[in-house]
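Colleague: Shown below is the structure under consideration.
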Amino acid sequence: LSQLPGWSVRPDGSIVIATGNDDALGLYRCTPYNSYGTAGESRPTRVLLKDPPAFTVRPKEEYFQEVGRELVIPCVAHGDPPPTITWLKVGSVGKSSAQVDGNSSLVLHPLIKEQHGVWECTATNQVASVTTATSVHVLGTSPHAVTNVSVLPLLLAANISWEPGFDGGYFQRFSVWYTPLTRYPPRAHHDWVSLSVPAGAQHLLVENLQPDTSYQFSVLAQNKLGSGPFSQIVTSVPRGFPVTTVPPEPPAMTVHVFLSPPRALTANETMRGVLLRWEPPARASVALSGYALELRQDKGGWEVLERSIPGTDTQVLVPGLIKDAFYEFRLVAFAGSYISDPSNTVNVSTAGMEVYPSRTQLPELLPQPVLAGVIGGICFLSVAVIFSTMAACIMNRRRAARVRKRRQDPPLVFSP
Numbered sequence: 416l417s418q419l420p421g422w423s424v425r426p427d428g429s430i431v432i433a434t435g436n437d438d439a440l441g442l443y444r445c446t447p448y449n450s451y452g453t454a455g456e457s458r459p460t461r462v463l464l465k466d467p468p469a470f471t472v473r474p475k476e477e478y479f480q481e482v483g484r485e486l487v488i489p490c491v492a493h494g495d496p497p498p499t500i501t502w503l504k505v506g507s508v509g510k511s512s513a514q515v516d517g518n519s520s521l522v523l524h525p526l527i528k529e530q531h532g533v534w535e536c537t538a539t540n541q542v543a544s545v546t547t548a549t550s551v552h553v554l555g556t557s558p559h560a561v562t563n564v565s566v567l568p569l570l571l572a573a574n575i576s577w578e579p580g581f582d583g584g585y586f587q588r589f590s591v592w593y594t595p596l597t598r599y600p601p602r603a604h605h606d607w608v609s610l611s612v613p614a615g616a617q618h619l620l621v622e623n624l625q626p627d628t629s630y631q632f633s634v635l636a637q638n639k640l641g642s643g644p645f646s647q648i649v650t651s652v653p654r655g656f657p658v659t660t661v662p663p664e665p666p667a668m669t670v671h672v673f674l675s676p677p678r679a680l681t682a683n684e685t686m687r688g689v690l691l692r693w694e695p696p697a698r699a700s701v702a703l704s705g706y707a708l709e710l711r712q713d714k715g716g717w718e719v720l721e722r723s724i725p726g727t728d729t730q731v732l733v734p735g736l737i738k739d740a741f742y743e744f745r746l747v748a749f750a751g752s753y754i755s756d757p758s759n760t761v762n763v764s765t766a767g768m769e770v771y772p773s774r775t776q777l778p779e780l781l782p783q784p785v786l787a788g789v790i791g792g793i794c795f796l797s798v799a800v801i802f803s804t805m806a807a808c809i810m811n812r813r814r815a816a817r818v819r820k821r822r823q824d825p826p827l828v829f830s831p
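Printed below as a string of structure tokens:
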């Protein structure tokens, strides 16, 4: 056997021929033996090569024919030995009313609605069986029943969907029928409720159902020739409002936000002003938004000098300080609506400073008495200029009036 490719012997003694060809033809005998010898050979068996069935004429994939007419579907196969042809309608129960002629063709006469569907042609001999299929569409009938009806229970509603059956060759519409299983007194002799489905739709939402009540649903197809059969009945229970107990409110949890103050605030005098430096907060459980700089002058009240210092900065220049004054500075950090405690306070004295920035750089730092004096002086000067201008105008008008009067008076004439 090792010299024949694809030949092997199984542990039970059977011989396996992977590919049948002329080498496999002939008589075969099996001889069993063990350590005591053998009881002899088996009876001979002959291996013959036969051809499995093969279709020479296959039916088309689909056939369309009017109801009541004749439909002949061919199916021819050959093999060795010659195969037997049989026809069967898929899904049919019992013997079919179809006939097979001498050429193994399927004969449907007269064609009826129940013969609509898939038909299989099977060719069988001693070697194998092969099958081919075709679809028969019977035209001019009422619609066929829909399939795969499913119901999705919703809150006081249900969504019904389905797959349409064959329409019989005409446009078909659908309607959903439903009824509760519980018999209420007002509906002792109840009827099924029907709802029309919009054209082209394959689903419908049925609303206003009773909660926790079993309902039966079915779908009906109709065309211009009439109604088809109802679909299978599906039972479902719409969901009601969930009944839950309100759990007690959990105890209020206090969220601790850690935002320590800025550290190591220092001040250095420069030619442009006072330069303040610091280090960021040591602890911050939330993202840092920025800083605010506060100052007070001569032990007065604290005021915010700058409230929009970026959180990434660690220094700021303060110009416009008044000479011979005493200032105190401190810094606070903030993150969103959270503000830290103030940093350490640094003291700056401008007494004896040789160079300091112009006051116009930070006018809000001028003392209020000085600012009031400056404003009052400007107002007084403005009033004085106005009065001087008015007085000059009045005097010019009077002088011009006297000149005109002299010109209008007649000259004095003296006679000798």
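Quick note on my numbering: the sequence shown kicks off at 416 and runs consecutively. Glycine included, C-beta positions come from ideal geometry on N, C-alpha and C.
Looking at Thr539 and Thr594, is the spacing between their C-beta atoms short of 7 Å?
Modeller: For this step, residue 594 is matched to residue 179 along the sequence shown. For this step, residue 539 is matched to residue 124 along the sequence shown. Contact flag unset, no.
Colleague: What number of angstroms, rounded off, separates the C-alpha of Thr775 from the C-alpha of Ala816?
Modeller: Stepping through the sequence shown from its first residue, residue 775 is reached at position 360. Stepping through the sequence shown from its first residue, residue 816 is reached at position 401. In this prediction, Thr775 has a pLDDT of 33, which is less than 50 and means its spatial position is unreliable; nothing more can be read from the coordinates.
Colleague: Which full runs of the beta strand (DSSP E) of 3+ residues lie inside the region 549-629, going along the chain?
Modeller: 562-569, 572-578, 588-595, 608-611 and 618-621
Colleague: Is the distance from the Cβ of Val761 to the Cβ of Ile754 below 7 Å?
Modeller: The count along the sequence shown starts at 1 and reaches residue 761 at position 346. The count along the sequence shown starts at 1 and reaches residue 754 at position 339. No, these two residues do not count as a Cβ contact at 7 Å.
Colleague: Can you find the residues in the same chain that come closer than 7 Å, C-beta to C-beta, to Asn563, ignoring five residues on each side of it along the sequence?
Modeller: Position 148 of the sequence shown holds residue 563. Excluding sequence positions up to five before and after Asn563, its CB lies within less than 7 Å of the CB of Trp577 and Glu578, all in the same chain and listed in chain order.
Colleague: Ignoring anything shorter than 4 residues or poking outside the region 672-696, list the alpha helix (DSSP H) runs there in chain order.
Modeller: none
Colleague: Taking all protein chains shown into account, do 16 or more other C-beta atoms lie within 10 angstroms of the C-beta of Ala492, making it buried, or fewer, making it exposed?
Modeller: Taking the sequence shown and counting its residues from 1, one reaches residue 492 at position 77. Per the 10 Å Cβ criterion, buried.
Colleague: Run through the DSSP bridge pairs and tell me what Pro725 is partnered with.
Modeller: Taking the sequence shown and counting its residues from 1, one reaches residue 725 at position 310. Bridge partners of Pro725: Gly705.
Colleague: Which residue wins for smallest C-alpha separation from Lys528, given the options Gly615, Asp438, Thr556 and Leu503?
Modeller: Residue numbering aside, residue 528 sits at position 113 when the sequence shown is read from its first letter. Comparing Cα positions, the closest option is Thr556.
Colleague: Indicate whether the contact test is met: 3 or more Cβ pairs, each with one atom in the region 618-635 and one in the region 671-690, closer than 8 Å.
Modeller: no
Colleague: Using the DSSP secondary-structure output, state which residues sit across from Glu718 in a beta bridge.
Modeller: Indexing the sequence shown from 1 puts residue 718 at position 303. The bridge partners DSSP lists for Glu718 are Leu710.
Colleague: Under the DSSP definition of a beta bridge, which residues are partnered with Phe744?
Modeller: Translated into the one-based positions of the sequence shown, residue 744 becomes position 329. DSSP output for Phe744 lists Leu710 and Val761 as bridge partner(s).
Colleague: Taking the alpha-carbon of Pro695 as reference, which of Leu571, Gly726 and Asp739 has the nearest alpha-carbon?
Modeller: Position 280 of the sequence shown, counting from 1, holds the residue named residue 695. For the options Leu571, Gly726 and Asp739, the alpha carbon positioned closest to that of Pro695 is the one of Gly726.
Colleague: Going by alpha carbons, who is nearest to Gly483 out of His524, Leu570, Gly715 and Val462?
Modeller: Along the sequence shown, read from residue 1 onward, the residue named residue 483 stands at position 68. Check the Cα spacing between Gly483 and each of His524, Leu570, Gly715 and Val462: the tightest is with His524.
Colleague: Keeping to the same chain, check which residues put their C-beta closer than 6 Å to that of Cys445; ignore five residues upstream and five downstream.
Modeller: Position 30 of the sequence shown holds residue 445. Correct list, in chain order: Ser457.
Colleague: Return the bridge partner residues of Tyr443 from the DSSP annotation.
Modeller: Here the question's residue 443 lines up with position 28 in the sequence shown. Answer is Thr460, bridged to Tyr443.
Colleague: Please state whether the Cβ-Cβ distance between Pro468 and Gly494 is less than 7 Å.
Modeller: The residue given as residue 468 occupies position 53 in the sequence shown. The residue given as residue 494 occupies position 79 in the sequence shown. Contact: yes.
Colleague: Provide the residue span of the beta strand (DSSP E) that contains Cys536, from first to last.
Modeller: Taking the first residue of the sequence shown as position 1, residue 536 is located at position 121. It spans Gly532 to Thr539 - the beta strand (DSSP E) in which Cys536 sits, taken as one unbroken run.
Colleague: Out of Arg745, Arg461 and Asp437, state which residue places its alpha-carbon closest to the alpha-carbon of Leu358.
Modeller: Since the first residue shown for the chain is 416 and the last is 831, residue 358 is missing from the structure and cannot be characterised.
Colleague: In the structure shown, what three-state DSSP assignment does Ala636 receive?
Modeller: In the sequence shown, residue 636 corresponds to position 221, counting from 1. It is a strand residue.
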